[in-house]
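Okay, structure first, notes after.
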Amino acid sequence: MKIGILEILTFPASSLSESCYGALVSRQYSSIMPQTVSYWCRSLGHEVYYNTYWGVGNILKKLPKDLDFVFVSCPTHLSHLAYIVGKFYKNRAITVLGGPHAKCYPEDSLRFFDLVVKRCDKTTIQSILNKEYAKGTTIDTEFAKLEFPSVEQRFPEIKKSFILDRSFLSVVPYLTSVGCPNRCPFCVDWNSEYSPLSIDLIREDFYFLSKTIPSAIIGFHDPNFGTNIDEVLDLMISINFQNPYVMECSLDSLTSTVVKKLKKTNCVLIAPGIESWTAYSQKSGCDKCDPMEKLEHIVGVLENLKEVTNYIQSNFIFGLDTDEGDTPLRLTRELCSRVPSIWPNVNLPMAFAGTPLHKQLMKQDRLLPMPFSFCVNPYLTIVPKNYDIEDFYLRFTNFIAFVTNRASLSKRIQGRALLEKIVHVFRSGAMKLDLVQMNRILKEIRKDKGFRRFHSGESKILPQYYLRKTQEFFGQLYSMFSPEEQHWLLNPLTFVDQ
Ligand code: B12
Ligand code: SF4
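In numbering that gives the first Met the number 0, the protein residues as written are 0 to 497.
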């Protein structure tokens, strides 16, 4: 059979700089599961077309037209693009949606796809191809242990993200574990079992990577890499694994022993999750600290990390129920002044269905009825507990203006290698586009009372601004949808705890 697999990685680019960003950066966001599904289908003897969409070109031309099955994967904010693909192939192939959006919103996804997959293994995919599931089914397979193909086996898929056919600067998505022992209420993995993958297989993959593509960057996609970090670093050191790599982990896993080991490897970017100044302090290894003590502790850890890598991104969330007044962003700003080389990545809280946060906000009637495309920065889809909407956006806008201003940028790139400078300039530019959006939102807040009432939860009527923006997200393709489908897009099933 002919099978297509498409992973959607970003919005369509609307300018040359966005196209360049897509080609160089977003293209490297590809994840392991679509590549794995592609390999499984190949190994079952099918003719497989795997591709990713990184914002350039016509999304409907990324796969052949005449397929028997189409598998699509996307995060929630890009689900409208997946729905376009689902609709396009509706009567041409059996359409299947998997990935983060499918996992959180299967009922809504079934409006546009024949089958939706929450969890799966190779046997599930085989059953789908054998047409064992009726159209309209949500598939959720409990499995004992997920087995992934080796890097060598999924190499044809990995090569798709190579730039100009070269591995230099391309990222190979990699997992050393699945699940997480922590229980953060905003995370889709809050109730998953932690399970490390076989160290022997990891060793074989590392040998293959260093022999075949030694300059490719390894992107560790483990939900919580910190749990496994000691063992993986020991392995890297013992076999002298020198591929560059990027990793995300909670700050508490960066103990002095781990930092010593990190120094012996080729870590080019590290992104510790700090999340908040007043909550999740155990994740920063600072359980009983007050915010000022936490700041000192974090400055200490980040200073040490500077000896490991030049590129440190610290991850925060702004707008949690524990956030109040100017403390959160003032302290983040203070952190940037103390360690000016860091990139502070501040996300707004998102309550994805299936998480305890979603359940809590649904109960408190604090989830805003917004189309899925807004489930990403700089949009706010929840009613914050301690901020009025104008106050919230004013603080956030000032902060982003500070992060992207010339002075902050020049301090951040001082003494850095050319490539690091380019990446920072690109990221600042992309963030400035968010700033433009945030200023427009502020303008709407000030001129439209309905906008304010919507954000305080008093009105359920979607403001005109968001309506126009939704149509903009779809572009000309909006007219592909019938009036009923357009109604679905504007009123997604976000409130069912699925
Ligand atoms: C690695 C990762 C990334 C990487 C790689 C991105 C990517 N494309 O996966 C990077 C750092 C680039 C990234 C970026 C972002 N991420 Co991210 N990321 C993760 C993370 C930590 C792990 C995902 C993973 O690979 N897990 C391992 C696999 C094996 O498990 P799994 O995903 O549960 O998959 C199972 C099933 O879902 C299914 N499946 C998965 N994919 C597919 C595909 C098909 C075709 C099929 C049939 C089945 C299937 O099979 C698996 C086994 O059952 C998750 C958090 C988490 N703890 O899961 C967030 C997560 C996926 N990210 C999230 C978000 C919001 C983002 C960003 C928007 C953040 C931001 N503010 O910019 C960007 C979006 C980038 C993009 N275009 O995709 C959300 C998505 C929620 C949602 N509903 O959309 C998550 C869930 C975090 C959260 N908030 O809880 N992320
Ligand atoms: S530590 Fe990370 S992966 Fe684990 S539950 Fe918290 S946010 Fe999710």
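We put the CB at the ideal spot given by N, CA and C, even for glycine.
Nothing here was measured: the structure is a model prediction, and the numbers come from that model.
Any heavy atom of the ligand B12 closer than 7 Å to the CB of residue i?
i, result
"H454", "no"
"G85", "no"
"F185", "yes"
"V95", "yes"
"F351", "yes"
"C285", "no"
"D113", "no"
"P503", "Nothing about residue 503 can be read from this structure; the chain reaches only from 0 to 497."
"I58", "no"
"V36", "yes"
"F498", "Beyond the ends of the chain as shown, which are 0 and 497, falls residue 498; an answer cannot be given."
"H220", "yes"
"L145", "yes"
Is the closest heavy atom of the ligand SF4 to the C-beta of residue i under 7 Å?
i, result
"D67", "no"
"N346", "no"
"W189", "yes"
"P355", "no"
"G272", "yes"
"R182", "yes"
"C179", "yes"
"N314", "no"
At the level of alpha carbons, what is the spacing between residue i and residue j?
i, j, result
"V300", "T403", "24 Å"
"P180", "F154", "30 Å"
"F97", "M291", "In the sequence as presented, Phe is not what sits at residue 97; that position holds Gly. When rounded, the distance between both Cα atoms is 43 Å."
"Q436", "P377", "7 Å"
"F453", "L379", "11 Å"
"S126", "Y52", "27 Å"
"A175", "R411", "In the sequence on display, residue 175 carries Thr and not Ala. Using only the alpha carbons, I get a separation of about 31 Å."
"S30", "I93", "22 Å"
"H76", "N309", "31 Å"
"E483", "F10", "24 Å"
"Q470", "Q463", "11 Å"
"C288", "Y88", "54 Å"
"G225", "V267", "16 Å"
"E151", "S372", "35 Å"
"E230", "L417", "33 Å"
"S72", "L334", "36 Å"
"S427", "M0", "45 Å"
"L80", "T256", "45 Å"
"A295", "L434", "The amino acid at residue 295 is misidentified as Ala; the sequence shows Glu. Each residue's Cα considered, the two are about 29 Å apart."
"S458", "V375", "22 Å"
"P213", "L200", "18 Å"
"R445", "L408", "30 Å"
"S336", "A406", "11 Å"
"F503", "Y465", "The requested residue 503 does not occur in the structure, where the chain is confined to residues 0 to 497."
Just confirm the distance between the C-beta atoms of residue i and residue j, as a whole number of angstroms; I'd bet it's less than 8 Å.
i, j, result
"G400", "I381", "Here the sequence assigns Ala to residue 400, which means Gly is not the residue at that position. About 23 Å separates the two Cβ atoms, so there is no contact after all."
"D251", "K282", "6 Å"
"G449", "I460", "6 Å"
"I124", "Q34", "In fact, because the Cβ distance is near 13 Å, the residues do not count as touching under 8 Å."
"R394", "L328", "6 Å"
"I236", "K263", "5 Å"
"Y48", "L62", "5 Å"
"P370", "L488", "6 Å"
"K144", "D113", "Contact flag wrong, Cβ pair sits at about 28 Å."
Would you mind working out which of the options sits nearest residue i, comparing C-alpha positions?
i, options, result
"K121", "S42, S78, D325, F453", "S42"
"P271", "V298, E443, F111, Y193", "V298"
"N303", "T277, E457, K260, E151", "K260"
"P74", "G3, C103, Y477", "C103"
"N438", "E484, T469, Q463, E389", "E389"
"N90", "L66, N265, D233", "L66"
"N136", "A101, C374, E17", "One detail in the question is off: residue 136 reads as Thr in this sequence, not Asn. Looking at the Cα atoms, A101 is the closest of the given residues."
"Y193", "D164, D199, N223", "N223"
"K64", "S18, L5, V267, S72", "L5"
"R202", "V422, S149, S336", "S149"
"A12", "V24, T254, I2, G324", "V24"
"Y173", "S191, L163, E146, N190", "E146"
"P195", "F207, L208, G178, D164", "G178"
"L347", "R405, D320, Q359, P339", "D320"
"V338", "Q363, K305, I273", "K305"
"G54", "Y20, G44, H486, G474", "Y20"
"K384", "F398, T396, Q359", "Q359"
"M32", "L367, C119, R332", "C119"
> So does the region 21-38 actually touch the region 76-86, counting three or more Cβ pairs closer than 8 Å?
Replying inline: Inter-segment contact for the region 21-38 and the region 76-86 is absent: fewer than three beta-carbon pairs are separated by less than 8 Å.
**Segment contact flag, the region 351-370 with the region 182-193, C-beta cutoff 8 Å, min 3 pairs** = Contact annotation: the region 351-370 touches the region 182-193, with at least three C-beta pairs closer than 8 Å.
Practice prompt. Would you be able to state if there are at least three C-beta pairs under 8 Å between the region 214-229 and the region 241-250?
Written response: Between the region 241-250 and the region 214-229, the count of C-beta pairs closer than 8 Å reaches three or more; the two stretches touch.
Taking 8 Å as the cut-off, does the region 305-323 touch the region 336-348 (at least 3 CB pairs, one atom from each stretch)? In the pairwise beta carbon analysis, the region 336-348 is classified as touching the region 305-323: at least three pairs are separated by under 8 Å.
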